[in-house]
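Q:
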Amino acid sequence: EDLNPDPRIVEVNITAAVGEAALLSGAKTAVWTYNDRLPGPLLHARVGDRVIVHFTNNLPESTIIHWHGLRISDQMDGSPRVQDPIEPGESFTYDFVVPDAGTYWYHTHLHQIQQFERGLYGALVVHEAEPPQFTAERIIVVDDIRLDTKNQVGAFLTSGPDIGRGRVGNRLLINGSTKPMKVTLARGAVERWRVVLATNALSLKLRTVGAKTRVIGTDGGFLPAPFDLETVQMAPGQRYDLEVRADDAATEVDLEGLILALDANDNVIEQPFPFVQASVAGEVPVVEPVYPAVPMPGVDMGAKKVNWKLSGGVVGGKVQFTINGVTGVQEGHDHVVLDTFTRGEPVQITLSSSVSPEHPFHLHGQFFQIIKRGGKLVTDEPGLRDTVLVQGAQSVTIQTYFDNPGRWMVHCHIGEHSEMGMMADVEVIDPNAAGGAGGARRVRVDHLDVGHHAHL
Ligand code: C2O
Ligand code: CU
Ligand code: CU
530 EDLNPDPRIV EVNITAAVGE AALLSGAKTA VWTYNDRLPG PLLHARVGDR VIVHFTNNLP
590 ESTIIHWHGL RISDQMDGSP RVQDPIEPGE SFTYDFVVPD AGTYWYHTHL HQIQQFERGL
650 YGALVVHEAE PPQFTAERII VVDDIRLDTK NQVGAFLTSG PDIGRGRVGN RLLINGSTKP
710 MKVTLARGAV ERWRVVLATN ALSLKLRTVG AKTRVIGTDG GFLPAPFDLE TVQMAPGQRY
770 DLEVRADDAA TEVDLEGLIL ALDANDNVIE QPFPFVQASV AGEVPVVEPV YPAVPMPGVD
830 MGAKKVNWKL SGGVVGGKVQ FTINGVTGVQ EGHDHVVLDT FTRGEPVQIT LSSSVSPEHP
890 FHLHGQFFQI IKRGGKLVTD EPGLRDTVLV QGAQSVTIQT YFDNPGRWMV HCHIGEHSEM
950 GMMADVEVID PNAAGGAGGA RRVRVDHLDV GHHAHL
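The sequence shown begins at 530 in the working numbering and counts up by one.
1. Could you tell me whether any non-hydrogen atom of ligand 3 is closer than 7 angstroms to the CB of methionine 951?
2. Any heavy atom of ligand 1 closer than 7 angstroms to the Cβ of glycine 749?
3. What ranges does the beta strand (DSSP E) occupy inside the region 689-744, keeping only unbroken runs of at least 3 residues that lie completely in it?
4. Taking all protein chains shown into account, decide if alanine 684 is buried (16 or more other Cβ within 10 angstroms of its Cβ) or exposed.
5. Find the nearest neighbour of phenylalanine 804 within the set Asp954, Val560 and Arg736, judged by alpha-carbon distance.
6. The beta strand (DSSP E) that contains isoleucine 543, what's its start and end?
7. Anything with a beta carbon under 5 angstroms from a heavy atom of ligand 3 counts; list them all in chain order.
8. Give a single yes or no on whether histidine 595 has its beta carbon closer than 7 angstroms to a heavy atom of ligand 2.
9. Going by other Cβ atoms of all chains shown within 10 Å of its Cβ, with 16 needed for buried, is serine 885 buried or exposed?
10. According to the Cβ coordinates, are asparagine 542 and histidine 583 closer than 8 angstroms?
11. For the alpha helix (DSSP H) that phenylalanine 645 lies in, which residues bound it at each end?
12. Excluding five sequence neighbours on each side, which residues of the same chain lie with their C-beta closer than 6 angstroms to the C-beta of aspartate 535?
13. What does the alpha-carbon distance come out to for the pair leucine 502 and alanine 810?
14. Hey, would you say the C-beta of glycine 598 is under 7 angstroms away from at least one heavy atom of ligand 2?
15. Whole angstroms are fine: how far does the CA of aspartate 777 sit from the CA of lysine 833?
16. What does glutamate 956 pair with, by DSSP beta-bridge criteria?
17. Could you tell me the distance, in whole angstroms, from the CA atom of phenylalanine 756 to the CA atom of aspartate 748?
18. What residues are listed by DSSP as bridge partners for aspartate 624?
19. Hey, is the region 569-584 in contact with the region 900-910, meaning 3+ C-beta pairs nearer than 8 angstroms?
20. Any contact between the region 819-836 and the region 874-883? By contact I mean 3 or more CB pairs, one from each, below 8 angstroms.
21. Quick check: is any heavy atom of ligand 1 less than 7 angstroms from the C-beta of glycine 766?
22. Check whether the Cβ of histidine 891 lies closer than 7 angstroms to any heavy atom of ligand 2, and answer yes or no.
23. Since lysine 838 sits in a beta bridge, which residues does DSSP pair it with?
24. Please report how far the alpha carbon of glutamate 530 lies from the alpha carbon of isoleucine 538, in whole angstroms.
25. Is the beta carbon of threonine 592 less than 8 angstroms from the beta carbon of valine 682?
26. Residue range of the alpha helix (DSSP H) that alanine 945 falls in?
27. Taking one C-beta from the region 663-680 and one from the region 698-707 each time, how about it: are there three or more such pairs within less than 8 angstroms?
28. Determine contact between the region 713-726 and the region 768-775, defined as no fewer than three beta-carbon pairs at a distance below 8 angstroms.
29. I want to check one thing, is the minimum distance from the CB of histidine 640 to the heavy atoms of ligand 4 below 7 angstroms?
30. Roughly how many angstroms separate the alpha carbons of alanine 718 and methionine 710, rounded to a whole number?
31. Whose C-beta lies closer than 6 angstroms to the C-beta of leucine 731 among residues of the same chain, with five residues either side of it excluded?
32. If you follow the beta strand (DSSP E) that threonine 637 is part of, which residue opens it and which one closes it?
33. Please report how far the alpha carbon of valine 1007 lies from the alpha carbon of arginine 610, in whole angstroms.
34. Among Thr544, Leu571 and Leu552, whose alpha-carbon lies nearest the alpha-carbon of threonine 562?
35. So within the region 590-618, which uninterrupted beta strand (DSSP E) runs reach at least 3 residues, ignoring any that extend past its ends?
36. Roughly how many angstroms lie between the CA atoms of phenylalanine 896 and isoleucine 927, to the nearest whole one?
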């Protein structure tokens, strides 16, 4: 698929269009796809590569692609607050250099409640310059979809739990299939399984059965120290890289998502759903992967402190979600700037929620570390993240660095929450950039003439 002979340039065409997918027996499901696939094509690049995506919108409405987790220029980030929407029949070329190795993904960032549910997302893997050796590498993109009795994407409700909690599906899709992924895993094999949680609102826990598994990476790439996986909480938008090896006695290894459900007596239980079912067959010599040393940016208790209060309620008969009391939904490019930061400035942001729904909160263009929950230091959520789960009425403190200048969205990743107000912009100003304090200011993207100059 790579159209460019230069090994350091990945150049692809992506077209969004209405299509169909055979998800269940019986009628096919009308879905919205990138390149006729659900999920969209898996993109591969190597850290430092230039990625050029010629995108065409053949949908009946405007859209935009956001590159979730990539610390690229805000001009290429696919924020509808920076870039004009791509109208039906129009094209836009995304052109950026991928700065960090890791597991990333891309998705629509317009009319997101419906477009995302209908299938507009895919994964993007940025390989290390010299990746550790694994027997195999797999990608597992997990989504949920709500299908009606005719196998079609169910009606979108505008009140009730779909808004309060966010729409949750009644089927899981593992790499676009309603069946778990079936693979074989050799004894002795050390595999890298990259998991992307592309659900709208459903969070879950991951675990494996029959394997010795370590968490080796998070949203922002490898961890400084892998840790053994018992279970790990995963929020919509997050990624985990796992190192999986079959137990000596195992004949099958499963990767499962534990999802809260009610049992026959109406007790809340964690019900396991299989994502991957690997039968253990054959044998290969063990080759231990050697992980690079990962320097983590410091946690600076003296850092500037900022509070973002997440809330929601009914105002004048309409549900609204807010950050610091402000609902951030406006058409076009003029938005409230929640905060302005100076490039490189360490900041601790406390996300505090007074309401019960979960908020998987996401910052565009930056990584952070999770340092406190409920005011207490946490040590079991290491690594660089771009998304953190605020689990209901709770506060979470993140240490961030704002090393990528520009204008960036910050929002809850649940479409119903963000599109009803739980989103805002922050500005990161580079005082040393040409033009002084204005150096990081956004320039309107003219999507008729963009791209090839962006990073040259
Ligand atoms: Cu996946 Cu604005 O985010
Ligand atoms: Cu994002
Ligand atoms: Cu939310």
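Yeah, the Cβ is synthetic: ideal placement off N, Cα and C, and Gly gets one too.
A: Here's the rundown:
1. yes
2. no
3. 700-703, 710-716, 720-726 and 733-738
4. By the 10 Å Cβ count, alanine 684 comes out exposed.
5. Arg736
6. 538-550
7. Here the residues come out as His888, Cys941, Ile943 and His946.
8. yes
9. exposed
10. yes
11. 641-646
12. none
13. With the chain covering 530 to 985 only, the question about residue 502 has no answer from this structure.
14. yes
15. 50 angstroms
16. Thr869 and Arg936
17. 15 angstroms
18. Ile581
19. no
20. yes
21. yes
22. yes
23. DSSP lists Ser881 as partners of lysine 838.
24. 12 angstroms
25. no
26. Here residue 945 is glutamate; the residue named in the question, alanine, does not match the sequence. Note, glutamate 945: alpha helix (DSSP H), 944-947.
27. Segments in contact, yes.
28. yes
29. No copy of ligand 4 occurs in the structure displayed; its ligands are ligand 1, ligand 2 and ligand 3 alone.
30. Here the alpha carbon of alanine 718 sits roughly 18 angstroms from the alpha carbon of methionine 710.
31. Asp673 and Val697
32. For threonine 637, the enclosing beta strand (DSSP E) has its first and last residue at 631-637.
33. No answer is possible for residue 1007: the residues shown for the chain start at 530 and end at 985.
34. Thr544
35. Taking only runs of at least 3 residues, the beta strand (DSSP E) segments lying wholly in the region 590-618 are 594-597.
36. 10 angstroms
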